[in-house]
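Working notes, structure below.
There are 6 protein chains.
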Amino acid sequence: MSDSFFHPVSGFDLPRFAGVPTFMRLPYVPPEHERFGDVDIGLIGVPWDSGTTNRPGPRHGPRQLRDASTMIRAQHQASGIRPFEAVNCADLGDVGPNPADIIDSMTRITAFYDRIKQAGITPLTAGGDHLTSLPVLRALAKDAPVGMVHFDSHTDLFHSYFGGTMYTHGTPFRRAVEEGLLDPKRVVQIGIRGTMYDSEDRDFARAEGIRLIEIEEFHDRGVADVMAEAREIAGDGATYVSYDIDFVDPTFAPGTGTPEVGGPNSYQALQVVRELAGLTIVGADMVEVSPPFDPSGGTAFLGVSIMFELLCVMVGGPAQG
Amino acid sequence: MSDSFFHPVSGFDLPRFAGVPTFMRLPYVPPEHERFGDVDIGLIGVPWDSGTTNRPGPRHGPRQLRDASTMIRAQHQASGIRPFEAVNCADLGDVGPNPADIIDSMTRITAFYDRIKQAGITPLTAGGDHLTSLPVLRALAKDAPVGMVHFDSHTDLFHSYFGGTMYTHGTPFRRAVEEGLLDPKRVVQIGIRGTMYDSEDRDFARAEGIRLIEIEEFHDRGVADVMAEAREIAGDGATYVSYDIDFVDPTFAPGTGTPEVGGPNSYQALQVVRELAGLTIVGADMVEVSPPFDPSGGTAFLGVSIMFELLCVMVGGPAQG
Amino acid sequence: MSDSFFHPVSGFDLPRFAGVPTFMRLPYVPPEHERFGDVDIGLIGVPWDSGTTNRPGPRHGPRQLRDASTMIRAQHQASGIRPFEAVNCADLGDVGPNPADIIDSMTRITAFYDRIKQAGITPLTAGGDHLTSLPVLRALAKDAPVGMVHFDSHTDLFHSYFGGTMYTHGTPFRRAVEEGLLDPKRVVQIGIRGTMYDSEDRDFARAEGIRLIEIEEFHDRGVADVMAEAREIAGDGATYVSYDIDFVDPTFAPGTGTPEVGGPNSYQALQVVRELAGLTIVGADMVEVSPPFDPSGGTAFLGVSIMFELLCVMVGGPAQG
Amino acid sequence: MSDSFFHPVSGFDLPRFAGVPTFMRLPYVPPEHERFGDVDIGLIGVPWDSGTTNRPGPRHGPRQLRDASTMIRAQHQASGIRPFEAVNCADLGDVGPNPADIIDSMTRITAFYDRIKQAGITPLTAGGDHLTSLPVLRALAKDAPVGMVHFDSHTDLFHSYFGGTMYTHGTPFRRAVEEGLLDPKRVVQIGIRGTMYDSEDRDFARAEGIRLIEIEEFHDRGVADVMAEAREIAGDGATYVSYDIDFVDPTFAPGTGTPEVGGPNSYQALQVVRELAGLTIVGADMVEVSPPFDPSGGTAFLGVSIMFELLCVMVGGPAQG
Amino acid sequence: MSDSFFHPVSGFDLPRFAGVPTFMRLPYVPPEHERFGDVDIGLIGVPWDSGTTNRPGPRHGPRQLRDASTMIRAQHQASGIRPFEAVNCADLGDVGPNPADIIDSMTRITAFYDRIKQAGITPLTAGGDHLTSLPVLRALAKDAPVGMVHFDSHTDLFHSYFGGTMYTHGTPFRRAVEEGLLDPKRVVQIGIRGTMYDSEDRDFARAEGIRLIEIEEFHDRGVADVMAEAREIAGDGATYVSYDIDFVDPTFAPGTGTPEVGGPNSYQALQVVRELAGLTIVGADMVEVSPPFDPSGGTAFLGVSIMFELLCVMVGGPAQG
Amino acid sequence: MSDSFFHPVSGFDLPRFAGVPTFMRLPYVPPEHERFGDVDIGLIGVPWDSGTTNRPGPRHGPRQLRDASTMIRAQHQASGIRPFEAVNCADLGDVGPNPADIIDSMTRITAFYDRIKQAGITPLTAGGDHLTSLPVLRALAKDAPVGMVHFDSHTDLFHSYFGGTMYTHGTPFRRAVEEGLLDPKRVVQIGIRGTMYDSEDRDFARAEGIRLIEIEEFHDRGVADVMAEAREIAGDGATYVSYDIDFVDPTFAPGTGTPEVGGPNSYQALQVVRELAGLTIVGADMVEVSPPFDPSGGTAFLGVSIMFELLCVMVGGPAQG
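Residue numbers (the UniProt record's numbering), protein chains in the order written: chain Z, 1 to 321; chain S, 1 to 321; chain V, 1 to 321; chain U, 1 to 321; chain F, 1 to 321; chain Y, 1 to 321.
Have a look at this one:
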């Protein structure tokens, strides 16, 4: 049971449009806060998009996600889980990037997550572009490679861009495999689609044993069947969940930089997370939410709705869909 | 057969973007008009959102719905019904609320609908937030409780908000049951979803015998099966249909104040209404359309498309889907 | 194999947001260009909306489609087809209309397509409103009527508007049948829906033997079954493909002038094209994309994604979905 | 004194967002209405943009102007004039154009204004693109040429477009002079600016004696001085006032099709009208308001604010600024 | 000199888009915080719009203003004042209103400001609609009436709306005068404009000795001259500054509910505040910022820029323009 | 006199919305084009924003500027200059940056401009963020320092950001002075305003002899007086003109990343350029146009209107205002 200090403000007490917007109206507990050591799950912003090769914007993601998150209430409708009562949740603030220096930014992010890990906190990250996952994994998988369930329309397994640039949002998991942060046999990528430069990323996946489930297979088999396989691939070991909002069809999530049409709808976007119940989740992220391309804010609201689903499976109980 | 006075202007005669926008280009027949007594179905605006606990805006709904409704033509595509020829339809104008006084506004609305009822007109209302349904039911169900088919992502059955406030858009049907306006055994709520404060509303529903069909059940069973049950619950008696636009997934209907992701798509949004054919509908409403959150106007167009479906089932013939 | 002159610029060489935006980053080869004679498939803009009876805007379609098309990469994800390597593709520029004279504009368009046809180029057109298809067919079907697979929510088979106006975006295929450009027995219209003025267009279709597949039938039977019938209707003969973006549900494609709710989603929007593989396509168009009603640009991106699918079936290989 | 039938609805009685939106909440009195003969000043919509050579949209102007006009109250702040009490004002509805036939549309418009003129009503028109002024003048100046005060960033005096097209929104006043509808010696054009094709229009103006006041002169001399000259040019004779919203700087009025930067601000936009007091105004128009390019609606609100100023000078009393 | 605890986060240390957005990146010090007693100037949000008679939205103002305020840096460009170093500034959080009960909300607001006043904190409020000023003044002027410099396009001096409703955003200063909170002889209202219902508010002003400076006088005399008079009227006594964002021309500040065209530009909007230097300011507010009508966020940014100017004159030194 | 090859397409021949959008409808003449050597003035895009410290977006600037530039016609209204006839102008395409590597990007940009310089072409650049000016100056001022007239609300003279990062859009001119590319005594910065971190940039300016004209001085003295001084500072030597769109008030130019309120209006924005006539301009840029923050496109249109003014003073004749 959580400590009442960690309970969010209720919309019955203070309307949802009021107050300084922390993630899900949780207390703001940055590392220097006295209660930092008591946090079980920490929500963290990584406002960063220097790895973006096309349309920037995810650096503004955490703030918009915090704003939209004040619409989230206390209880999961389908499972009845009340995550904020189950464990101590808090908003740990943002990791400050250096917008003009990719390497420096990655160093800062890894340092922050090292501290999170040492404090025994499980991080739920709001990106940031997908390169964010790499410095996070450098902290979380420092000691041993982890498995990963990866929702995305892209593999993000490319070797490099623009004539040899190694760190972009199209390369994080190539690096993560090369650095021994991911166990490729325990990695599954779901929702892959869109026109392709070439097959270099898929060749790498095949060679390493990463399982790709393309969108046609996803639509043909359905959520339950695909996710059963995903759970099997991830297995019992430590598993990271990386959720790129462009997994969802861009009509449901226009606020992103590299949309690909023909993806899952918003109901499926939630269901795939519910099906993660039972995994050993050591961290999760919601990345590529880009407010400048989301004038109505719907993408951010979907993003935090998914983050709430992630939180519910992270607190341990299986969410019944 | 309707009187030609009540026929809408054709887009072949006058382009759809031209003319003063009444609902569906029908004649404007306020209560003081000489033909008021000849109206069978009256379209009425209730531009009001004082019951809104979060994001206001539905007070602007009727005007935007009127504007979008000029795109509606004369004949239902699937059933062939031509409602404006079947019965006398008219735009009865708006009920003027008092934006700064909830009780006064409810009194004004009930008074207007008393007059409608006395004239033998069946009302099709464009809200307004969901509190609108309460003063409408006070007129329509004055003599005896009615059944209700209620499309929504929320139950609107809460006891009170903000420490005892009884009249908000989250409480109308709690009040309606308490006041004997609804027969809870003949009430079905479809599409319920989203994070919850607590289960107080559901406990009330269970205690009173109101049937809740949550979104998971809706998606699992499908429209036809769910609606067959809904028809059975409503039965042969007088039935009110209340359609909150947030029943529909917010990607299809972003223009609303309390969206919940994972809902039905626009085709299902129409189909559920077609399945109401055969019920004894004594009134219907389309509420919570909020133009400030609908920059492209798509929500209003979906709203009036649903209103046209409601109109077609109200004129009596079963719409074949 | 295509000539490297005709290869698009890669996003790995030049970021997708850079450069003068031609269709799919192809070389710009207007008729006066020295390589014009080597083009196999030509992408052409027809920025024109004088036939629009309601909300204008498609005249701005080609430019926005070109802009969005820079997001398209070289290879089809599901089939592996690399169309730009298979045949010589190029951006042939726009046909300049006369915005204030419908007849003059049609003459200009037909003259341009006569030249295209004489050069042996298969055109893939970006409209423009749907009247665009008529002057295009006057060139392509000059010698013999063609079949047509037509995706739309409207039949565009009306006789006239506004008291006798023969050339609007609601009449092109009535004219095309009357002029002997289309073989009605080889025409299928898919996705028809929305409120109707009357049944005059459907009566004409029935009398001529045009097959209409309304949206209810489409949703009930599914893409594969419907498209199998469509292929059968079109048969082996020369076939034109006309794709009105309003075929797709307006939530997925809000940027259009005459939306009708309840349509296919974006995945179905792509799948129907993939199912055209094997037909003898002599030309195709994507029409009614209207940027003023598409603030986020999502409609244009869906439009070019569909154009890429069209291109892949036009280069001949069957796209495996 | 006006008849109380012609008084607008007060926002104290019915909130401004409520009710069917007629111009300035005036009664709707189309020609067939029994009180038509009692109208002094008629507000008329001409939803038409077939003369637009670049970005269409003004066909949607009258509806958006009506919507915004519900914000206008009863009394002029500076002069104290209460126009709706001074004379009988009414919304006469829209003239229905034929969107696909320019000549037919002009005939319809002139016929409508013939009727207006015969009824002794002074028209205040909401366009529509600037070609609208031509068929209006054909009715109003049928018997004798009128003078004109013309606010615009363009002269609209070109001979033709696109190789000989005579009727576009760039040619109305060339035609009006040629047809003897305007007395060029009594015409003044104010605010002219923007890049030019060539000087053909200015050459015509000079040859005919039309006075052009370019924006530099306007900014140098100021409103009072420029308008004193304008009043002198128009003199005592019958004068038409034509106000193209693109006279105003596009930051203040983005909703228009052919903006030119560097224009007057909104205060100057009102002041120039106040300085028309004392002229013999036989008609006025507000044209080129284009809602698709005005997402926030500010242009329409400025447009109706200017229309209210026009109305105040039309009722006769000089508005003291 | 301020305590370093109260210094805002620098954009050189943490980019401006990062971090939980408090007002001007100041520490969040709600009343229960241990440093509350050390605050000199408190920035407070009142997210409330129940007094709005037309277009709601200001309840969302404080959050958007906080977001935009992260763009504000440490030093005033013209005067060199560094307010956050001069005195202890903090974000005191929001007062939670009851969105469905006006009287309850006013009670809550006054109670909060009583506490502020007792703590010796000078409040700088971000509204909320203009009714907000009334409950604030009930706390600040409890002991003696204050003077007021009021920037607005409306007087907000009406007696009542909608048949007797006393508390709306059009009536706060009528109530404040009646309740003895304002000394009318020391009140000046600047920028008044727009169409009027009638002159009832002005008659009241005249009778009470409130000075109205209408927009024409403002534009004729200029900022310096007008503000010299304003300073003289306010005199040496305790003075409240109330700044309605609709004082500014709606092109510069579209995000508001009751715009009136023809107002000051953004430079004048700042200059009028700079000219307040030297007054004894006991509180100030920025009200009527309405995010739903401000899609680009420019109004909020102007609003916080003005709040920074207010802060600089509140810390005491005269800002040299 | 220019060669007709270099004449833009007329809107009388091809409507402005038609055609592939090059800058001002000029021919596209990349360095490999056979006519490259004949170009006098080259319009170049630098789609890059890696130096942006706050809100990214200018990488999309060149494309939107090209789109808006199709509205520009052939002749300057006030001066009568026809720049495209005076000298050979062309669109030279974009310099491809490396979005994930600042140093690599700067190298690419300088290389491109070296080539431009060697060909004797005077560049008119469309950025890109303000860091763009540095690699451009490295080419243009390689041999000798140049003077500069700099329109901006910021000095861009900071030493570094984020703990030592030397290359951001806040540091280009500090670097340029350090590298000997600018002669500080011949540099004038006009329009400086907005809240400040500190005075470090101004201290540097003062020490180096750079003249700063803050916005208050600008508004007090007026365009003519300020620009006379600016011309004197720049003198007869080679001068670069750098125009940051945030010089203009953000209401007129919202599409930018670091707006500061209270700036010049659009007329002044043009006038300051006209006053540059007579200077020896060796290059000019328009930077910081950021489409994601410019939903209506007005900023880009203002940007290209200013570019046209720059072009007119670059072709040599003095533009009479």
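Glycine residues also receive a C-beta, built at the ideal position from the N, C-alpha and C atoms.
Closest Cα partner of residue i within the set the options
| i | options | result |
| --- | --- | --- |
| residue 186 of chain U | U:167, U:168, U:212 and U:193 | U:212 |
| residue 269 of chain F | F:309, F:208, F:292 and F:237 | F:309 |
| residue 276 of chain F | F:167, F:265 and F:230 | F:230 |
| residue 179 of chain F | F:144, F:168 and F:191 | F:144 |
| residue 136 of chain Y | Y:71, Y:163 and Y:105 | Y:105 |
| residue 169 of chain V | U:100, U:253, U:67 and U:207 | U:100 |
Cβ pair residue i, residue j closer than 8 Å
| i | j | result |
| --- | --- | --- |
| residue 297 of chain Z | residue 118 of chain Z | no |
| residue 267 of chain S | residue 262 of chain V | yes |
| residue 258 of chain Y | residue 154 of chain Y | yes |
| residue 133 of chain S | residue 287 of chain S | yes |
Proximal chain Z residues relative to residue i, where beta-carbon distance stays under 8 Å
| i | result |
| --- | --- |
| residue 14 of chain F | 94 and 96 |
| residue 22 of chain F | 20 |
Simplified DSSP assignment, three categories, for residue i
| i | result |
| --- | --- |
| residue 111 of chain Z | helix |
| residue 299 of chain S | helix |
| residue 53 of chain Z | coil |
| residue 319 of chain V | Because residue 319 of chain V carries a pLDDT of 37, less than 50, the predicted location of this residue cannot be relied on, and the following value inherits that uncertainty. Coil. |
| residue 73 of chain U | coil |
| residue 13 of chain Z | coil |
| residue 212 of chain S | strand |
| residue 24 of chain Y | helix |
Proximal residues of chain V, C-beta to C-beta of residue i below 7 Å
| i | result |
| --- | --- |
| residue 316 of chain U | Per Cβ cutoff of 7 Å: no residues; residue 316 of chain U is ~38 Å from chain V at best. |
| residue 267 of chain S | 219 and 262 |
| residue 295 of chain Y | 295 |
Assumed close pair residue i, residue j - CB separation to whole angstroms, cut-off 8 Å
| i | j | result |
| --- | --- | --- |
| residue 240 of chain F | residue 283 of chain F | 5 Å |
| residue 150 of chain U | residue 190 of chain U | 7 Å |
| residue 253 of chain F | residue 302 of chain F | 6 Å |
Under 9 Å by beta carbon: chain U residues contacting residue i
| i | result |
| --- | --- |
| residue 332 of chain F | One cannot answer for residue 332 of chain F here, as it falls past the ends of chain F, which runs 1 to 321. |
Residue i beta carbon near the ligand ZN (any heavy atom closer than 7 Å)
| i | result |
| --- | --- |
| residue 230 of chain S | Annotation note on the ligand ZN: not contained in the displayed structure, which lists no ligands. |
**OP:** Report the residues of the region 238-259 of chain Y with a CB closer than 7 Å to any CB of chain C, ordered along the chain.
**Re:** The structure shown has no chain C; the protein chains it does contain are Z, S, V, U, F and Y.
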